[in-house]
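Note sheet for the following structure.
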Amino acid sequence: MQVYCETCQRFLADRLVESTCPTLDCNYDSARGDQCEKCGKLLNPTELKDLRCKVCQSTPQIRDTDHLFRELPLLKDKLEEYINNMSIAGCWSQNAIQATYAWIKEGVRSRCITRDLKWGVPVPHEKYKDKVFYVWFDAPIGYVSITACYTPEWEKWWKNPENVDLYQFMGKDNVSFHTVMFPSTLIGTGENWTLMKSISVTKYLNYEASTRYSLAV
Ligand SMILES: [Zn+2]
Ligand SMILES: [Zn+2]
Numbered sequence: 001m002q003v004y005c006e007t008c009q010r011f012l013a014d015r016l017v018e019s020t021c022p023t024l025d026c027n028y029d030s031a032r033g034d035q036c037e038k039c040g041k042l043l044n045p046t047e048l049k050d051l052r053c054k055v056c057q058s059t060p061q062i063r064d065t066d067h068l069f070r071e072l073p074l075l076k077d078k079l080e081e082y083i084n085n086m087s088i089a090g091c092w093s094q095n096a097i098q099a100t101y102a103w104i105k106e107g108v109r110s111r112c113i114t115r116d117l118k119w120g121v122p123v124p125h126e127k128y129k130d131k132v133f134y135v136w137f138d139a140p141i142g143y144v145s146i147t148a149c150y151t152p153e154w155e156k157w158w159k160n161p162e163n164v165d166l167y168q169f170m171g172k173d174n175v176s177f178h179t180v181m182f183p184s185t186l187i188g189t190g191e192n193w194t195l196m197k198s199i200s201v202t203k204y205l206n207y208e209a210s211t212r213y214s215l216a217v
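At position 151 of the sequence shown (counting the first as 1) the number is 151 in UniProt numbering, and the numbers step up by one without a gap.
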């Protein structure tokens with residue numbers, strides 16, 4: 001199920017859904033669809049009352065829609081083992097470690113990897129062909145596919161963890177996609193992938209005074 005706004009004629013991303021926080025003693029009236037920013041509780045937008053569309057302020061509907069999920073709870077032990085070991089072996093920076101453990105502490109939940117949007121990479125499955133992948137599910141796969149475009153011997157790099165150390169560089173807002181999300185995609189396949197060893201994290205690069213710029217390689 002997903003929140004749909006008739007007026008805006010679209011499914012709403014979590015950050016575009018507002019509601020009253022259901023937590024006793026909180027009652028914050030502008031809680032986001034996925035989290036109350038006042039008390040910190042994680043929320044599920046389809047279970048909330050007093051829903052509002054943040055764009056037009058009208059009351060959205062809950063519509064049935066099928067999505068694909070990455071079952072992170074099933075990968076929790078392997079994921080935590082990877083993070084605990086590699087953060088030490090790869091000398092992760094403090095800001096990378098902090099961002100990663102803050103994410104784990106919030107609770108390892110299933111994450112939806114598809115969206116009812118037109119722009120994006122279409123899901124290659126008959127049942128889901130009108131949907132696209134969530135950008136942070138498919139973008140890191142590009143690291144591998146770009147190598148595969150370059151050489152048919154791409155597995156020498158990407159399926160060779162005994163002999164390859166993978167270093168990645170990025171802005172701090174992209175950390176959990178590389179320390180939690182993409183490793184869980186690779187671990188979930190059950191194959192012998194080269195997982196990121198070291199991560200170098202910068203703060204934001206500001207250009208033109210106020211525009212924030214961040215990217216990952
Ligand atoms: Zn709250
Ligand atoms: Zn709306």
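Glycine included, every Cβ here is placed at the ideal spot set by N, Cα and C.
Quick check on the burial criterion: 16 or more other C-beta atoms within 10 angstroms. Buried or exposed for F69? With fewer than 16 Cβ atoms within 10 Å of its Cβ, F69 is classed as exposed.
Alpha carbon to alpha carbon, how far is E18 from I113? E18 and I113: Cα-Cα distance of roughly 22 Å.
Between which residues of its own chain and F11 is the CB-CB distance below 6 Å, once the five residues before and five after are set aside? Only Q2, Y4 and D116 meet the Cβ criterion.
For the stretch 168 to 175 and the stretch 147 to 154, state whether three or more C-beta atom pairs, one from each stretch, are separated by less than 8 Å. They do not touch, by the three-pair rule.
Mapping DSSP to helix, strand and coil, what is Q61? Note: Q61 maps to strand in three-state DSSP.
Rounding to the nearest angstrom, what Cα-Cα distance links residue 218 and F133 in this structure? Past the boundaries of the shown model lies residue 218; the chain is included only from 1 to 217, so the question cannot be answered.
Within the stretch 117 to 191, ranges of the alpha helix (DSSP H) (whole runs, at least 4 residues): As far as the stretch 117 to 191 is concerned, its whole alpha helix (DSSP H) runs of at least 4 residues are 135 to 138, 141 to 150, 155 to 158 and 182 to 188.
Using 10 angstroms around the beta-carbon of Q42, count the other beta-carbons present and answer buried if the total reaches 16, otherwise exposed. With the sequence shown as reference, residue 42 is identified as Leu, and Gln is not the correct amino acid for it. Counting every other CB atom within 10 Å of its CB across the protein chains shown gives L42 a total below 16, marking it as exposed.
Let me have the residue list for ligand 2: C-beta closer than 5 Å to any non-hydrogen atom, ordered along the chain. Those residues, listed in chain order, are C5, T7, C8, C53, V55 and C56.
Between the C-alpha atoms of K38 and Q98, what's the straight-line distance to the nearest angstrom? A straight-line Cα-Cα distance of about 21 Å links K38 and Q98.
Name the DSSP beta bridge partners of E18, please? The partner list for E18 (beta bridge, DSSP) reads R32 and R52.
Local conformation of Q2 per DSSP, three classes: The answer is strand: DSSP assigns Q2 an E or B state.
Entirely enclosed alpha helix (DSSP H) segments - the stretch 66 to 125, minimum 4 residues: You should have 72 to 89 and 94 to 105.
Does the distance between the C-beta of N27 and the nearest non-hydrogen atom of ligand 1 fall short of 8 Å? Yes, since a heavy atom of ligand 1 falls inside the 8 Å radius drawn around the Cβ of N27.
Taking the CB atoms as reference points, tell me whether V180 and T59 lie closer together than 9 Å. No.
Would you be able to state if there are at least three C-beta pairs under 8 Å between the stretch 84 to 92 and the stretch 46 to 56? When Cβ pairs closer than 8 Å are counted between the two stretches, the stretch 46 to 56 is seen not to touch the stretch 84 to 92, the count staying below three.
Classify C91 as buried or exposed, calling it buried when 16 or more other Cβ atoms lie within 10 Å of its own Cβ. C91 is exposed by the Cβ-count criterion.
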